[in-house]
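Read in order, the letters of the sequence shown correspond to residues 65 to 345 in this note's numbering.
Just so it is clear, CB atoms sit at the ideal spot from N, CA and C, and this is done for glycine as well.
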Amino acid sequence: MTGLISGIKRMEIHDGDGIRTTAFFKGCPLKCLWCHNPESISFAPQVAKFKEKCVSCGLCGERRDPGAAEACPTGALVLYGRTYTSDALVDELLRDEAFFRKSGGGVTLSGGECLAQPDFALETARKLRERNVSVFLDTCGFVPRSVLEAAAPLTDVFLYDVKAVDPAVHKACTGRDNALILENLVFLSEKGCSLEIRYPLVVGFNDGECEKIGAFLRPLRGIRRVKVLRYHPFAASRYEALEMENTLPAPLTQKRDVENAVRLLRRFGLPAEDGTAPGRP
Ligand code: SF4
Numbered sequence: 065m066t067g068l069i070s071g072i073k074r075m076e077i078h079d080g081d082g083i084r085t086t087a088f089f090k091g092c093p094l095k096c097l098w099c100h101n102p103e104s105i106s107f108a109p110q111v112a113k114f115k116e117k118c119v120s121c122g123l124c125g126e127r128r129d130p131g132a133a134e135a136c137p138t139g140a141l142v143l144y145g146r147t148y149t150s151d152a153l154v155d156e157l158l159r160d161e162a163f164f165r166k167s168g169g170g171v172t173l174s175g176g177e178c179l180a181q182p183d184f185a186l187e188t189a190r191k192l193r194e195r196n197v198s199v200f201l202d203t204c205g206f207v208p209r210s211v212l213e214a215a216a217p218l219t220d221v222f223l224y225d226v227k228a229v230d231p232a233v234h235k236a237c238t239g240r241d242n243a244l245i246l247e248n249l250v251f252l253s254e255k256g257c258s259l260e261i262r263y264p265l266v267v268g269f270n271d272g273e274c275e276k277i278g279a280f281l282r283p284l285r286g287i288r289r290v291k292v293l294r295y296h297p298f299a300a301s302r303y304e305a306l307e308m309e310n311t312l313p314a315p316l317t318q319k320r321d322v323e324n325a326v327r328l329l330r331r332f333g334l335p336a337e338d339g340t341a342p343g344r345p
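Here is the structure:
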C-alpha cells in the first residue's frame, strides 16, 4: 500500500498532546480561501520554486521536476509529494519514538485531508497502534461515513475542523457544503470518540459563525477542547513558489478577535481556548 505525503514535521507541539511528528498527506477535497498548507491541496506531486533562494547555478537545467529538486543545492526547488509505502512511512515516523514516549506524544496524521487517501491512512494508523504509538487524526470531516467509522477505533483523538455552521458561509469559504462535515461530527460524538475541535477564525469571513458553532457544539459529547486558531497569511510565499492563485484573505485576525471568540464559546459551556502558537504577536 502506497500513498503521497507532502511533508513530515518533527517536534511539533501544536498538533495534539506532547511532542508529535506530523505527516501531511497530499490532497484535500476542500479549498479553503485561507489554507496555510497550499502544497497539500493538489493530489499530485508538485515542485515549488522559491526564487529568492536560487543562485543561478544551473544544476537544475532550468527544469522543475523531482530530479531537478534533488539536484538543487540551495533548497530553491522543493518537491511536495513523495510516495511512501505504509511501512516506510511508519519507519520514518518512528524515528522520533523516544520523544513520544518521554512527552506523552505520538503521531498526527494531517494534510490536506489524510482520509482522502483512506486505505493508506488507515493502514498507517493501524501499524502505529500496533506499536503502541498514539495516533491523532486531523480531519476536515468531508469524508465518507464508512471511512470515519473505520478510522474511529484506530484514532486516539480526532482533531476536527469546524469552519462554519451556515452552509452558505461554508461554501463561500471552502467551496463545499458542510452537511456531511457536521453530520460526521455528530456521528463521532455519538460513537464516544475523543474530539478536539478547531475553529480557524478569519475575520470578515467566518467570525460571524462563532455563536452558531457554540450552539452546534454544546450538546455534543466527547469534546476535550475547542481551539480557536488565529488566521495568518504566512503561506503567501508558498502560493507564489507553487504558481498557485493566492486566495489568502487580506484582513488579519487579531489576538483580541480570538479572545472574544473564546469568551463567546465558553458561554456555551465549551472548553474553548486560544490555539495560537505562543510567541506570536
Ligand atoms: S539548481 Fe536551484 S539554485 Fe541552481 S539554478 Fe536551479 S533552482 Fe537555482
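Practice problem: Could you spell out the range, first to last residue, of the alpha helix (DSSP H) harbouring A112? | Solution: Counting from one through the sequence shown, the residue named residue 112 turns up at place 48. Note, A112: premise wrong, no alpha helix (DSSP H); beta strand (DSSP E) at 110-113.
Self-check item: E337 (DSSP reduced to helix, strand or coil)
Solution: The sequence position of residue 337 within the sequence shown is 273, counting from 1. Strand, per DSSP.
Self-check item: Contacts around S253, its chain only, beta-carbon distance under 7 Å, and the 5 residues preceding and following it disregarded
Solution: Taking the sequence shown and counting its residues from 1, one reaches residue 253 at position 189. Non-local beta-carbon contacts of S253 in its own chain, meaning distances under 7 Å to residues more than five positions away in sequence, involve L259, L284, R285, G286 in chain order.
Self-check item: Cα-Cα separation, L244 to E194
Solution: By 1-based counting over the sequence shown, the position of residue 244 is 180. By 1-based counting over the sequence shown, the position of residue 194 is 130. Taking the straight line joining both Cα atoms gives about 30 Å.
Quiz item: Less than 8 Å separating the beta-carbons of F114 and V142?
Solution: The sequence position of residue 114 within the sequence shown is 50, counting from 1. The sequence position of residue 142 within the sequence shown is 78, counting from 1. Contact: yes.
Quiz item: With a Cβ-Cβ cutoff of 8 Å, do S150 and M65 count as a contact?
Solution: Within the sequence shown, the letter at position 86 stands for residue 150. Within the sequence shown, the letter at position 1 stands for residue 65. Taking 8 Å as the Cβ cut-off, S150 and M65 qualify as a contacting pair.
Quiz item: Is G333 near the ligand SF4, in the sense that its beta carbon is under 7 Å from a heavy atom of that ligand?
Solution: The sequence position of residue 333 within the sequence shown is 269, counting from 1. Every heavy atom of the ligand SF4 is 7 Å or more from the Cβ of G333, so no.
Self-check item: Straight-line Cα distance separating A135 from P264
Solution: Residue mapping note: residue 264 aligns to position 200 of the sequence shown, counting from 1. Residue mapping note: residue 135 aligns to position 71 of the sequence shown, counting from 1. Each residue's alpha carbon lies about 37 Å from the other.
Practice problem: Grab me the residues of R190's own chain with a C-beta within less than 7 Å of its C-beta, minus the 5 sequence neighbours each way, in chain order. | Solution: To locate residue 190, count along the sequence shown from 1; it is residue 126. Answer for R190: L218, listed in chain order.
Self-check item: Option in G82, V111, L94 with minimal Cα separation from G71
Solution: Indexing the sequence shown from 1 puts residue 71 at position 7. Measuring from the Cα of G71, the nearest candidate turns out to be V111.
Quiz prompt | Host beta strand (DSSP E) of Y61 (start-end) | solution = Nothing can be reported for residue 61, as the shown portion of the chain is limited to 65 through 345.
Quiz item: Between which two residues does the alpha helix (DSSP H) harbouring E57 extend?
Solution: The structure shown has nothing for residue 57, since the chain only spans 65 to 345.
Exercise. Pull up the CB-CB distance for G205 and N270, whole angstroms please, since I reckon it's below 8 Å.
Key: Taking the sequence shown and counting its residues from 1, the one referred to as residue 205 is at position 141. Taking the sequence shown and counting its residues from 1, the one referred to as residue 270 is at position 206. So it is not a contact: roughly 15 Å between Cβ atoms.
Self-check item: Opposing strand residues paired with S174 [DSSP bridges]
Solution: As a first step, residue 174 must be located in the sequence shown, where it is residue number 110. DSSP lists F88 as partners of S174.
Quiz item: Which term fits C121, buried or exposed, when burial requires 16 or more other beta carbons within 10 angstroms of its beta carbon?
Solution: What you label residue 121 is simply residue 57 of the sequence shown in a count that begins at 1. C121 should be labelled exposed.
Quiz item: Is V292 helix, strand or coil when you go by DSSP?
Solution: Numbered from 1 along the sequence shown, position 228 holds the residue referred to as residue 292. In the structure shown, V292 sits in a strand (DSSP, three-state: E or B).
Practice problem: Locate the alpha helix (DSSP H) running through V250, then write down its first and last residues. | Solution: Residue numbering aside, residue 250 sits at position 186 when the sequence shown is read from its first letter. Its alpha helix (DSSP H) spans residues 243-254.
Quiz prompt | Proximal residues to P335 (C-beta, below 8 Å), its chain only, five neighbours per side dropped | solution = On the sequence shown, residue 335 is found 271 positions in, with the first residue counted as 1. By the criterion of a C-beta distance shorter than 8 Å, P335 is surrounded in its chain by I287, R288, R289, V290, once the five residues flanking it on both sides are discounted.
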